[in-house]
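Q: Take a look at this one; I'll ask things after.
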Amino acid sequence: MQNKLPAVFKKLYAAFGPQHWWPAESDFEVMLGAILTQNTSWSNVEQAISNLKKHNLLDPHKLYALPQQKLALLIRSAGYYNLKAARLKCFLGFFLNDCLADIPGMRAKGAGVLRKQLLAVKGIGPETADSILLYALKKPVFVVDAYTKRILGRHGLVSPQAEYHQVQDFFMRHLKKNVKLFNEFHALLVKLGKDYCRKQNPKCEVCPLWSIKRA
DNA sequence: GACCAGGCACATC
DNA sequence: GATGTGCATGGT
1 MQNKLPAVFK KLYAAFGPQH WWPAESDFEV MLGAILTQNT SWSNVEQAIS
51 NLKKHNLLDP HKLYALPQQK LALLIRSAGY YNLKAARLKC FLGFFLNDCL
101 ADIPGMRAKG AGVLRKQLLA VKGIGPETAD SILLYALKKP VFVVDAYTKR
151 ILGRHGLVSP QAEYHQVQDF FMRHLKKNVK LFNEFHALLV KLGKDYCRKQ
201 NPKCEVCPLW SIKRA
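Right under this line is the structure:
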């Protein structure tokens with residue numbers, strides 16, 4: 001199949017402009033947000049993060065020292081709060097003990113090695129790992145989420161049943177490996193998904209990609 | 001009140 | 001390997 005991805009990116013960027021992702025004040029905050037946003041709308045995550053900030057707890061050592069039940073209540077607004085408190089604790093253990101909270105040091109490792117290590121942390125799956133790799137550690141890894149799959153499936157670019165790594169491969173094969181491009185492209189896909197490609201009630205007839213589907 | 005959101009782990013077949 | 005289920009709040 002002909003490579004339509006550059007045209008897709010162009011249309012999305014023309015329609016929506018830069019998305020300024022990931023919305024966070026630090027790379028550590030990106031990592032927390034990546035876990036908190038699992039199957040959850042970002043507005044709920046924002047409340048949880050601002051709650052942590054309000055209590056001056058946006059710090060790996062302080063969070064790791066905090067009893068899990070207290071952490072759970074602080075991130076309540078993000079949903080699945082007991083589960084996510086446990087997942088954050090697992091990640092913090094990895095971040096502090098295995099990585100020594102050294103983000104430049106993590107960045108010096110290869111993306112493949114890091115991805116494997118992240119996936120070994122309980123509660124971190126492919127999307128969360130890749131979000132951390134791309135948005136916090138600036139590695140050229142494409143993030144695939146529910147919107148990305150749905151949009152590409154509906155537009156016939158991948159099979160609707162395609163698995164995570166197949167969709168990811170599709171992007172990585174057809175695009176230059178570029179952090180800025182991967183960052184903006186994924187953010188634009190989420191923007192498109194929110195505005196035009198909801199599960200039910202999609203607005204296909206006014207979707208900026210409609211002409212590409214028909215082409 | 002129903003539906004959905006920037007997933008993941010685990011059980012069962 | 002595929003499919004189903006629990007986890008939970010807040011916005012529309």
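Using the working numbering, the first residue of the first sequence is number 1, and each one after it goes up by one.
C-beta atoms are modelled at their ideal positions from N, C-alpha and C, and glycine is treated no differently.
Please confirm whether Lys-191 and Phe-16 have their CB atoms less than 8 Å apart.
A: yes
Q: Helix, strand or coil: how does DSSP classify Ala-108 here?
A: coil
Q: Within this structure, are the beta carbons of Tyr-164 and Pro-140 separated by less than 8 Å?
A: no
Q: Report the option in Asn-56, Ile-75, Pro-60 whose CA atom is closest to the CA atom of Asp-102.
A: Pro-60
Q: Name the two residues that bound the continuous alpha helix (DSSP H) containing Ile-35.
A: 27-36
Q: Are Pro-91 and Ile-124 touching if we call contact CB-CB under 8 Å?
A: Sequence inspection shows Phe at residue 91; the Pro mentioned does not correspond to that position. With respect to Ile-124, Phe-91 sits close: the two C-beta atoms are nearer than 8 Å.
Q: Starting from the Cα of Leu-209, find the closest Cα among Val-45, His-155, Asn-56 and give me that residue.
A: It is His-155 whose Cα lies nearest to the Cα of Leu-209.
Q: Distance check for Leu-175 and Lys-138, CA to CA, integer angstroms please.
A: 16 Å
Q: Which class does Leu-58 belong to by DSSP, given the choice of helix, strand or coil?
A: coil
Q: Hey, could you find the ends of the alpha helix (DSSP H) Cys-197 is sitting in?
A: No alpha helix (DSSP H) holds Cys-197; DSSP gives it neither H nor E.
Q: Using three-state DSSP, classify Asp-98 as helix, strand or coil.
A: helix
Q: With respect to the alpha helix (DSSP H) encompassing Ser-131, which residues constitute its N-terminal and C-terminal limits?
A: Boundaries of the alpha helix (DSSP H) around Ser-131: 126-131.
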